[in-house]
Amino acid sequence: MTLSLPMCAIDFTDDAMSSEELAIAERISELKEQLGDDLLILGHHYQRDQIVMHADLLGDSFLLSELAAKSKAKNIVFCGVHFMAESADILTSDEQRVILPNMRAGCSMADMAALNEVEIAWEEILQKTGLRDPAAANEGDSCLIPVTYMNSSAALKDFCGRHGGIVCTSSNAAGVLEWAYERAGQKGAVLFFPDQHLGRNTGISMGIPLDQMATWTPNERKDEVEWEQIRKSKLILWHGFCSVHKRFTVQQIEEFRNNNPNGIVVVHPECTKDVVNAADANGSTEFIRRFVAQQEAGSHIAVGTEINMVARLNATHEELEIECLEPTICPCSTMYMIHPAYLLDVLERLVEGEIPNQIVVEKEVQSGAKLALDRMLAIRK
Ligand code: SF4
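Oh and the sequence shown: position 279 is 1175 in the working numbering, straight run, nothing missing.
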């Protein structure tokens, strides 16, 4: 088994942990013992091994939101990024506290769709297309349904809830779009944000032609040709993207195939459509985990997603040869902000009776956001 580790990535082996890192890991384990059932640590797949080793549950944003909703723990420490902790706070009870070890751990994609920009786009599109807001529509009207990717602020989830819309993740985006089109009416459309690539790849997989899609760049004046394109589109895609997944290219896939004629390529749908088309399979992080586990022993697989997850897959599957599609890729810089020292700090403060770094979604935003999240959780595909 070989592993292409990036120049900038950490060494994931225990042997490589310094004495300071080992001391931090031991202290975290002690504090976990002390906090007992009052504590639940959730870890996203993109977290480094020195965090994952402490996680009670590991998953993608969809699975973790479900697990948070089912948990009874008083303190949920979310080792992921800000929008995930917000969703966990919305889905858990008032007695539970959601804690983010580093408050600066955001997501550049989520930041690409600000509420005021979405509100401006919404009004403009309704006015220029004649589509109706589902919250104010009559039976038989053609509507614009807002769909936001999980990777967005609670304010945007609330916007979707209040306007008859829904949240999706990369695990359930097709099921969510089907839900939306059932409510949009015959000539209705979906406004999908913030990730254009997940939206476009999902639309293509459902048979929506590219000429019935438009990309929406905020703060940009549109001419009549662009409005005509928007009017005939079933899917209007916000211009956002993931800075990690946009680094994967078709050229990398071709190079991998040239070197490994029987090699297999699997990528995340946050990659561009050309990369998704060139790959053998694409899907959420949970899909990628299952896909890799199903391959025959000896298979050589290139994976187009975040390096911590790829390295962990490689370490877990000794029977396979797994590498990252982009040999020099770095970890997601914001996921990487959850350093073990920050996890240790919040646990120390919890033991002392403090509630550090609590994520509290404002009451006014909670109800609409919960509605949009509950609609998503009711969809099983
Ligand atoms: S991997 Fe991309 S979408 Fe996920 S948290 Fe990092 S920047 Fe955001």
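Backbone N, C-alpha and C define an ideal beta-carbon position, used for all residues, glycine too.
Open item on the list: For a quick check, are the C-beta atoms of Ala984 and Val977 less than 8 angstroms apart?
Closed with: The Cβ atoms of Ala984 and Val977 do not sit closer than 8 angstroms to each other.
TODO: Apply the 10 Å Cβ neighbour rule to Glu1202 and answer buried if 16 or more other Cβ atoms are within range, or exposed otherwise.
DONE: Per the 10 Å Cβ criterion, buried.
TODO: Verify the contact flag: Asn1047, CB atom, against every heavy atom of the ligand SF4, threshold strictly below 7 angstroms.
DONE: Yes; taking the cut-off as 7 angstroms, the Cβ of Asn1047 has a heavy atom of the ligand SF4 nearer than that.
- [ ] Grab me the residues of Asp952's own chain with a C-beta within less than 6 angstroms of its C-beta, minus the 5 sequence neighbours each way, in chain order.
- [x] Excluding its 5 nearest sequence neighbours in each direction, Asp952 has C-beta neighbours in its own chain below 6 angstroms: Leu936, Ile937, listed in chain order.
Task: N- and C-terminal bounds of the beta strand (DSSP E) containing Ala965 - done: It is not in any beta strand (DSSP E) - Ala965 instead sits in the alpha helix (DSSP H) that spans 957 to 966.
Open item on the list: Quick check: the region 946 to 966 against the region 1175 to 1192, are at least 3 beta-carbon pairs closer than 8 angstroms?
Closed with: By the Cβ rule, the region 1175 to 1192 counts as touching the region 946 to 966, because three or more pairs are nearer than 8 angstroms.
Open item on the list: Considering only the alpha carbon of each residue, which of Gly932, Val948, Asp933 lies closest to Gly1325?
Closed with: Only positions 897 to 1277 of the chain appear in this structure, which leaves residue 1325 out of reach.
TODO: Go through its chain and collect everything with a Cβ distance to Asp1091's Cβ below 8 angstroms, but skip five positions before and after it.
DONE: If we look at Asp1091 and ignore the five residues flanking it on each side, its Cβ neighbours are Met1005, Tyr1045, Asn1047, Trp1134, Gly1136, Phe1137, Cys1138, Glu1166.
Open item on the list: If I measure Cβ to Cβ from Val1247 and keep anything under 8 angstroms in the same chain, skipping five residues before and after, which residues do I get?
Closed with: Once the five neighbours on either side are set aside, the close Cβ partners of Val1247 are Leu927, Gln930, Leu931.
Task: Counterpart residues of Trp1112 in DSSP-defined beta bridges - done: Beta-bridge pairing links Trp1112 to Trp1134.
- [ ] Mind reading off the beta-carbon distance from Phe979 to Leu1011? Whole number of angstroms is fine, and I expect it under 8 angstroms.
- [x] In fact, because the Cβ distance is near 13 angstroms, the residues do not count as touching under 8 angstroms.
Task: Secondary structure of Ala905, DSSP reduced to three states - done: Below a pLDDT of 50, predicted positions are generally treated as unreliable, and Ala905, at 38, falls in that range; the measurement from the model is reported next regardless. Correct three-state label for Ala905: coil.
Task: Beta-carbon proximity of Leu1273 to Glu962, cut-off 8 angstroms - done: Contact: yes.
TODO: Note down the Cα distance separating Arg1127 from Lys1024, rounded to an integer number of angstroms.
DONE: So the two alpha carbons sit approximately 8 angstroms from each other.
Task: Identity of the residues DSSP links to Thr1044 by a beta bridge - done: Answer is Val1063, Phe1089, bridged to Thr1044.
Task: Identity of the residues DSSP links to Ala1010 by a beta bridge - done: Partner(s): none; Ala1010 has no beta bridge.
TODO: Round the Cβ separation of Val1171 and Phe1144 to the nearest angstrom and send it over; I've been treating them as touching at under 8 angstroms.
DONE: Confirmed, about 5 angstroms.
Open item on the list: Quick test of your reading: Ala1291 and Leu1221, contact by CB under 8 angstroms. State the CB separation rounded to the nearest angstrom.
Closed with: Lying outside 897 to 1277, the shown extent of the chain, residue 1291 is not represented and no answer is given.
Open item on the list: Is His1235 close to the ligand SF4? I mean its beta-carbon at under 7 angstroms from any heavy atom of the ligand.
Closed with: His1235 Cβ: outside cutoff for every heavy atom of the ligand SF4.
Task: Cβ separation of Pro1042 and Leu1087, assumed to be a contact under 8 angstroms, to the nearest whole Å - done: At roughly 5 angstroms, the Cβ-Cβ gap stays under 8 angstroms, so Pro1042 and Leu1087 are in contact.
TODO: Verify whether the separation of the beta carbon atoms of Pro1236 and Gln992 is less than 8 angstroms.
DONE: No, they are not a contact pair.
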